[in-house]
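Written below as structure tokens is the structure these notes are about.
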Amino acid sequence: MREPPLSNCEKSFLLKAIREGKRLDGRETYDYRNIKISFGTDYGCCIVELGRTRVLGQVSCELVPPKVNRPTEGIIFFNLELSPMASPAFELGRQSELLIKLNRLLERCLRNSKCIDTESLCVVAGEKVWQVRVDLHLLNHEGNIIDAASIAAIVALSHFRRHDVSIQGDEVTVYTPEEREPVPLSIHHMPICVSFAFFQQGTYLLVDPSDREERVLDGMLVIAMNKHREICTIQSSGGIMLLKEQVLRCSKIAGVKVTEITELIQKALENDKKIRKEGGKCGFVESMPQQWITAFKVEKAPVDVTDVEEKAEGILSRAEPPAEAVSKPVLWATGTAQIGEGLESSWRDMEEEEGQVEDEDDEGAIDDPTLAVTQNIEMEDISGKEEKKSDVDVVVLSDSEEEEVIILEPEESRIHTRSKHPADSSATKTTAGKKKRKKKFAL
Amino acid sequence: MPGDSRRIRGPEESRCPLLYALPESPQAPEQARTEPRPLYARAGLLSQAKGSAYIETGGGGGGTKVLSGASGPREAERRDGPGLRGARLVCEFRWAPFARLGPRCGVGTALERELSLALQESLEPAVRLERYPRAQIHVWVLVLEDRGSAFASALSAASLALADAGIEMYDVVVGCALSRGPGGCLLLDPSDRDEGRPKSGGCLTLALMPALNQVCGLLCNGEWTEESLSQAVRLCMEGCHRLYPVLQQCLVRATKRKISVPQSGPA
Amino acid sequence: MAAGFKTVEPLEYYRRFLKENCRPDGRELGEFRPTTVNIGSITTADGSSLVKLGSTTVLCGIKAEFSAPPTDAPNKGYIVPNVDLPSLCSSRFRPGPPGEEAQVASQFIADVIENSQIVLKEDLCIANGKLAWVLYCDIICLDYDGNILDACTCALLGALKNVRLPSVKINEETGLAEVCMKEKSPLKIRKNPVATSFAIFDDTLSLVDPTAEEETLATGTITIVMDEDDRLCVLRKPGGSAISAEKLQTCISRAITRHKEVRKLLDEVIESIQPK
Amino acid sequence: MAGLELLSDQGYRLDGRKAVELRKIQARMGVFAQADGSAYIEQGNTKALAVVYGPHEIRGSRSKALHDRAVVNCQYSMATFSTGERKRRPHGDRKSSEMTLHLKQTFEAAILTQLYPRSQIDIYVQILQADGGNYCACVNAATLAIMDAGIPMRDYVCACSTGFIEDTPLVDLCYVEEAAGGPQLALALLPKSEQIALLEMNSRLHEDHLEKVLDAASKACRDVYAVLDRVVRDHVQEVCTLLGE
Amino acid sequence: MAWVRLSEAEKVYIAHGVQEDLRQDGRSCEDYRCIEVETDVVSNTSGSARVKLGHTDILVGIKAEMGTPKLERPHEGCVEFFVDCSANAAPEFEGRGGEELGTEIANTLYRMFNNESSLDLKALCISQAEHCWILYVDVLLLECGGNLFDAISIGVKAALFNTRIPKVRILEDEEGSKEIELSDDPYDCIRLNVENVPCIITLSKIGHRHVVDATLQEEACTLASLLVSVTSKGLLTGMKKVGKGSLDPESIFEMIETGKRVGKAVHVSLQEILNKEESLGKQRQKVGFLG
């Protein structure tokens with residue numbers, strides 16, 4: 151489904167508001183929406199909410215052989231999915247331009263900036279390394295996916311714990327969490343994307359655009375930075391012309407925003423750690439505001455299970471016992487048998503006819519002037535061969551089943567048998583074997 | 007990175023046990039053969055396809071079994087391209103995974119694609135495509151067991167299926183294959199053993215419209231001299247002519263069955 | 016006239032027949048179409064069988080190959096079943112990768128293998144942690160006229176019974192496998208699962224072995240897989256109209272009878288191709 | 003990073019260039035006869051080919067047409083033998099798709115698309131040999147090809163990559179310098195107005211250095227501009243002589 | 025443009041011309057257009073060549089990479105063909121549009137090289153069942169002006185001639201573990217014997233006659249053509265009918281004969297150019313796309 155276009159009136163309203171330095175949700179120009187981070191019960195699972203944009207991050211890992219050109223490095227794979235659940239405008243399974251752009255931005259922001267020590271993921275050089283897979287799912291789309299996704303990715307990675315391994319000789323042992331405490335990944339720094347939206351050819355600038363603002367903007371600039379004010383990625387997009395000064399200004403703002411967000415992330419991580427240590431409850435359910443869920447208040451519907459067994463017994467006793475009489479299969483030929491009969495089907499008459507082996511070379515049918523007499527030829531000359539075979543008695547592989555299949559047509563057969571005999575005699579040997587084979591495959 | 011979730015997947019890599027087989031006794035020396043192997047053909051056996059045909063050739067210990075189905079003419083899916091004036095013929099040729107000795111064949115290999123195209127180009131001259139503007143006709147060929155000359159049988163089977171589907175054609179296309187042994191002797195309608203012989207000199211598959219004496223498909227590899235190649239083409243054509251009556255009979259029979267006239271010969 | 020009525024009101028057409036306790040093709044409600052089994056006809060496969068249920072035709076070919084056993088189960092081999100519904104068998108299928116129905120059927124067959132333990136995966140291991148058999152069971156539908164699940168299950172069982180694996184020795188020195196193609200032995204078949212499918216009409220009537228037409232008109236289908244000890248291996252009822260417990264019990268009884276029939280049929284065929 | 007010294011104490015780079023020196027640029031317009039515009043560029047060992055078709059009617063579904071401007075359609079593709087290790091696919095992977103997207107953005111901004119409503123302009127670039135600065139070579143080649151096709155633009159679009167090592171910005175990185183993993187920035191600039199058509203940066207660079215690097219990059223882009231301008235003028239002169247004017 | 029559309033009148037005009045042995049551009053039926061061949065145009069490949077045949081423009085790059093031999097052929101290296109019909113040649117080829125034609129050409133190349141003598145694959149084996157060279161022959165189609173198969177096969181031959189694979193030594197230490205040492209001397213290399221590498225000659229049937237090296241316009245009036253691959257000695261290593269038409273048997277024999285004759289001539293002149301270029305050595309000015 152295509153997103154319904156924004157009406158001109160809505161557009162001009164939005165732009166006018168931006169010109170006046172106002173935003174629909176009451177934020178200031180450089181304000182972020184509320185960021186909320188919650189963790190799942192498992193390590194490496196989190197939901198990041200940016201306003202109402204929600205991204206679920208999930209990290210998993212497995213042991214794989216490394217890439218040939220980098221034998222001592224682990225592999226990190228990022229995958230962001232935009233499901234129709236987040237917005238009806240997204241189609242499933244199609245690599246849209248937006249998706250490619252976002253995925254590459256994430257890769258560049260997190261992988262190229264080397265925020266994770268990939269060498270620490272190596273188990274046996276050239277043979278086994280950890281492959282870390284970061285799956286991000288957009289659950290709800292209300293603008294600025296990339297910022298939310300980058301936060302979710304780094305939070306999930308920082309929260310994740312992988313199985314511990316030990317190496318003894320060639321043997322690699324992977325310990326379950328019960329055997330050994332899982333180990334966190336070593337993270338060098340935390341790059342976070344900050345998006346800037348430009349309006350009216352770069353005259354106005356907003357931080358963290360919402361979906362409506364995204365639809366009227368002229369261009370975007372994404373800057374990824376860590377709290378040490380190191381820029382990890384810059385990406386301009388959309389068809390606007392920027393000036394150097396604008397870029398520099400944005401990078402200043404990004405520095406401030408990143409520091410705030412990093413603090414928030416660290417607080418959230420510590421908080422979660424504390425809860426887990428104390429053995430408190432964790433998981434998404436805990437982070438859901440109770441008052442929204444009305445289902446908890448519904449009383450349980452009573453299910454009466456007392457007499458289930460008796461009921462079942464009753465049904466069983468009343469049911470007809472399976473019929474004892476079983477139809478007897480008919481063996482057509484070696485390897486072919488049938489049960490049931492009657493009923494015409496297009497495959498069925500095959501079986502009746504299957505004895506009709508056409509061996510035109512053997513019959514010399516090419517030179518045969520009676521070529522026009524088709525339908526019955528084969529049957530008859532088989533009968534001819536049949537006779538022949540018993541006469542000559544060459545290689546009889548297994549003749550017992552053959553008769554069952556072949557339908558002889560007495561009136562005409564004799565005529566043809568006669569006409570075919572001279573050509574037949576030389577070829578009988580091959581035919582006998584052949585016919586048997588044909589029958590094996592009852593097509 | 008994401009794998010194919012639409013099939014049930016086995017291990018990443020598996021190897022054919024034949025590779026580890028102990029060496030067997032030497033094969034029987036080849037002999038020149040100028041006669042095609044016996045052939046069994048039957049048209050109109052599938053209940054769902056509009057036209058269908060089954061061909062089985064070869065003897066002893068299994069033969070080449072080919073099943074073909076045709077559907078159409080129906081409305082063309084693609085409206086662009088050069089197909090407006092006549093129908094588009096879409097052909098698919100493939101082997102069942104277990105159709106060949108040796109390793110299990112994968113789906114959509116390069117060879118299958120090449121042969122699908124060759125099949126299409128060999129059938130196109132025979133089908134009166136201009137009678138079905140803006141339409142498309144599908145032909146599928148599935149090789150159930152390949153004991154040599156599978157593509158030649160596929161050509162015949164496909165054209166039978168088209169005829170069985172009632173598509174207008176100029177003639178039935180007959181396929182015939184030939185292989186040349188290292189000694190230079192020509193073997194008509196080779197078995198898989200002949201085809202797979204190391205250092206075999208080459209293989210040729212020819213498609214012929216016998217009534218019009220027009221060659222509508224030719225596919226060959228290996229090393230040939232001009233003379234041997236011409237000789238091979240001639241032999242293949244002869245082979246096609248010999249198979250032609252069988253296919254004709256098969257069609258007549260299928261038609262009779264269709265109109266369900268009780269068996270009373272035209273004589 | 017009847018043909019016209021059938022095209023315009025297919026459901027009503029069927030109902031008239033069903034009222035008389037018979038079906039347009041002349042069968043009774045509880046009657047299977049003639050079932051033909053042909054085993055061992057594909058010589059290039061290690062085991063094969065062709066099953067026909069009326070017009071529905073399914074071919075199963077099994078190829079055995081070597082592979083390293085899975086890391087989490089070093090004493091097991093693999094069975095890889097795949098059902099292919101090519102456009103050849105019915106115009107309802109598109110060419111290309113397996114469609115929904117083929118995926119569902121493949122999964123169903125995989126479930127049958129897993130639940131019934133038809134062949135123990137341990138039997139397929141050659142050398143612990145080193146080498147194991149992979150059985151690629153490719154089931155191709157050649158003609159689709161309904162009830163492919165029954166046909167596929169039967170074809171799979173037939174083909175598995177036909178499998179002859181060459182003997183394998185591991186060469187001590189080289190560590191490589193040595194295969195002797197001359198000495199072949201059959202697989203050990205532990206269970207004989209047989210499927211029986213029903214189409215449910217108008218929420219009450221159940222027809223056994225539905226044709227393609229009946230499947231499309233039915234309000235629901237149900238497939239029951241039984242083994243020789245009268246145990247349920249798989250019971251598949253994908254949505255559709257509800258069925259009462261009594262009705263279900265009748266279906267199961269029918270499935271038991273069907274199991275006996277098919278078992279006998281397969282045994283007879285296998286017997287006939289046994290080298291004497 | 004480790005091992006290789008990318009900038010010697012004397013201020014020379016691996017290939018003997020100075021920090022702000024470009025590689026040798028050679029270019030030719032009008033390489034192919036069948037396309038509407040085409041150009042070939044060599045920047046050191048990076049070789050790129052650009053072909054332009056259009057403006058023409060929209061190909062495929064008409065719903066893609068824009069009522070007020072032309073659709074710019076790009077494809078970035080790398081010859082399978084262009085890289086040190088053979089590439090499996092010429093295009094269609096994530097990186098190439100991203101590059102395609104970037105090219106599209108760059109030229110949507112630079113071409114006066116509003117002059118050709120409801121039509122389409124195809125720009126296809128092909129890397130024949132990759133030795134760093136692929137994006138930049140493509141942009142430069144595409145600029146020439148668009149000019150060859152006679153499609154009006156706001157200005158030349160000149161692109162150049164810049165790295166940053168030991169507090170010195172290095173312009174026009176070659177493959178070895180790129181692979182070292184230091185910060186790198188690609189800039190596509192409209193030289194006259196100093197407007198940035200595309201800015202892309204990777205790896206880690208401290209914010210304080212951003213300005214320095216940006217300055218070096220825009221200087222390099224202006225240098226590229228001088229070369230491209232020369233090529234265009236020579237080409238036009240050549241064509242004029244051929245036409246006998 | 026991969027193909028053109030012609031009006032009926034244009035087709036008749038071309039067919040009549042062919043009948044008179046005078047084609048649109050003044051050639052006779054068995055004349056080729058001018059072929060430009062240049063080798064060693066992409067420096068990071070093991071061998072490369074660019075071929076220009078009329079408006080057809082082909083770039084072939086060959087890369088030799090180390091790999092493991094195929095299980096069934098442990099004593100041989102392998103050759104992989106890949107044809108990229110890039111969007112440069114025709115907008116229809118954008119995205120996956122060129123794949124169909126690309127695989128068709130690649131499959132044809134596989135077929136024509138599928139014999140014992142075309143290339144000595146045993147020479148590409150380094151150590152049995154362990155290491156071998158895999159030659160990736162990548163063809164890039166830059167412009168289509170008809171007769172792709174011929175131009176590509178000429179390009180492949182020229183690039184194979186130009187290919188230099190570094191020599192390899194296998195060092196074995198006491199424990200039996202092997203190590204592979206690549207020679208870093210650029211002159212210490214293996215060269216391939218291209219004497220038996222075939223060229224494809226496409227014979228297009230127009231009217232009652234057949235022409236070689238058809239242009240796009242001529243291809244548009246061709247119903248059927250025959251690809252014949254010929255070695256320099258006149259051996260035929262493959263044949264294939266393409267197009268929707270059929271051929272009568274007599275014309276096939278004629279076409280085989282013409283193909284063989286023309287093919288031998290093409291090989292002679294190609295070898296001449298390649299030898300000449302080789303003899304110039306380093307003095308040769310590389311033109312590439314700048315000329």
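Keeping their order, the protein sequence lines are chains A, B, C, D and E. Just so we're aligned, residue 151 is where the first sequence starts under the working numbering, counting upward by one. Just so we're aligned, residue 7 is where the second sequence starts under the working numbering, counting upward by one. Just so we're aligned, residue 16 is where the third sequence starts under the working numbering, counting upward by one. Just so we're aligned, residue 3 is where the fourth sequence starts under the working numbering, counting upward by one. Just so we're aligned, residue 25 is where the fifth sequence starts under the working numbering, counting upward by one. For each residue, glycine too, the CB sits at the ideal point set by N, CA and C. Remember, it's a predicted structure, so these values are computed and weren't measured experimentally.
- With a cut-off of 8 Å, do at least 3 Cβ pairs link the region 347-356 of chain A to the region 313-332 of chain A? no
- Query: Are the C-beta atoms of residue 159 of chain C and some chain B residue less than 8 Å apart?
  - Reply: yes
- Opening and closing residue of the beta strand (DSSP E) in which residue 236 of chain C lies: 235-241
- Query: What number of angstroms, rounded off, separates the C-alpha of residue 14 of chain D from the C-alpha of residue 51 of chain D?
  - Reply: 30 Å
- Item | For residue 103 of chain E, the first and last residue of its enclosing alpha helix (DSSP H) | That residue, residue 103 of chain E, is in no alpha helix (DSSP H); its beta strand (DSSP E) goes 102-109.
- Task: Would you check if the region 232-244 of chain E and the region 185-203 of chain E touch, i.e. whether three or more CB-CB distances between them fall below 8 Å?
- Result: no
- Assuming residue 490 of chain A and residue 306 of chain A make a contact with CB atoms under 8 Å, what is their CB distance in whole Å? Residue 490 of chain A to residue 306 of chain A, Cβ: 59 Å. No contact.
- Task: Would you list the one or two residues that DSSP bridges to residue 76 of chain C?
- Result: Assignment of beta-bridge partners to residue 76 of chain C by DSSP yields C:63, C:153.
- Task: Could you pull out every unbroken beta strand (DSSP E) segment of at least 3 residues lying fully inside the region 66-131 of chain B, listed in chain order?
- Result: 70-81, 94-101
- Beta-carbon of residue 279 of chain C versus every beta-carbon of chain A: anything under 8 Å? yes
- Query: So is residue 3 of chain D in contact with chain E if we call contact Cβ pairs under 8 Å?
  - Reply: Residue confidence is low: residue 3 of chain D scores 43 on pLDDT, short of 50, so the model does not pin down where it sits. No coordinate-derived value is stated.
- Roughly how many whole angstroms lie between the Cα atoms of residue 109 of chain B and residue 177 of chain B? Here the C-alpha atom of residue 109 of chain B lies approximately 37 Å from the C-alpha atom of residue 177 of chain B.
- Please check if any C-beta of chain B sits within less than 8 Å of the C-beta of residue 32 of chain C. no
- Query: For residue 386 of chain A, which three-state DSSP category applies?
  - Reply: strand
- Message: Quick test of the definition: if touching needs 3 or more C-beta pairs under 8 Å, does the region 101-114 of chain E touch the region 73-92 of chain D?
- Response: yes
- Query: Helix, strand or coil for residue 197 of chain A per DSSP?
  - Reply: Under the three-state reduction of DSSP, residue 197 of chain A is assigned to strand.
- Message: Taking CB distances under 8 Å as the criterion, tell me whether residue 62 of chain C reaches chain A.
- Response: Not one chain A Cβ lies under 8 Å of residue 62 of chain C.
- Task: Check whether the Cβ of residue 209 of chain D lies closer than 7 Å to any heavy atom of the ligand MN, and answer yes or no.
- Result: The ligand MN is not part of the structure shown, which contains no ligands of any sort.
- Message: I'd like the list of long-range same chain contacts for residue 43 of chain B, defined as Cβ closer than 7 Å, with 5 residues on each side in sequence excluded.
- Response: 63, 64, 65, 195
- At least one CB of chain B closer than 8 Å to the CB of residue 174 of chain E: is that the case? no
- With DSSP run on the structure shown, which of helix, strand or coil describes residue 21 of chain B? In this structure, residue 21 of chain B counts as strand in the three-state DSSP scheme.
- Message: For a contact defined as C-beta to C-beta under 9 Å, what are the partners of residue 99 of chain D on chain A?
- Response: Identification of chain A residues near residue 99 of chain D by a Cβ-Cβ cut-off of 9 Å yields 245, 247, 250, 251, 254, ordered along the chain.
- Item | Boundaries of the beta strand (DSSP E) in which residue 151 of chain B is found, first to last residue | Note, residue 151 of chain B: beta strand (DSSP E), 141-151.
- Task: Answer yes if the region 272-282 of chain A comes into contact with the region 388-395 of chain A, meaning at least three C-beta pairs across the two stretches below 8 Å, and no otherwise.
- Result: no
- Message: According to DSSP, simplified to helix, strand and coil, what is residue 193 of chain C?
- Response: strand
- Query: How about residue 207 of chain D and residue 373 of chain A: do their beta carbons lie closer than 8 Å?
  - Reply: Taking 8 Å as the Cβ cut-off, residue 207 of chain D and residue 373 of chain A do not qualify as a contacting pair.
- Query: So, using beta-carbon positions, are residue 222 of chain B and residue 215 of chain B closer together than 8 Å?
  - Reply: For residue 222 of chain B and residue 215 of chain B, yes; Cβs fall inside 8 Å.
- Message: Against residue 21 of chain B, what residues of chain E qualify as contacts under a CB-to-CB distance less than 9 Å, listed in chain order?
- Response: Neighbours of residue 21 of chain B on chain E, chain order: 95.
- Query: So what does DSSP say about residue 258 of chain C, is it helix, strand or coil?
  - Reply: The answer is coil: DSSP assigns residue 258 of chain C none of H, G, I, E or B.
- Task: Could you check which residue in D:53, D:176, D:144, D:77 has the C-alpha nearest to that of residue 132 of chain D?
- Result: D:176
- Around the C-beta of residue 486 of chain A, are 16 or more other C-beta atoms found within 10 angstroms, so that it is buried, or is it exposed? buried
- Item | residue 273 of chain E - DSSP class collapsed to helix/strand/coil | helix
- Query: Nearest to residue 198 of chain A by alpha carbon, out of A:208, A:187, A:192, A:423?
  - Reply: A:187
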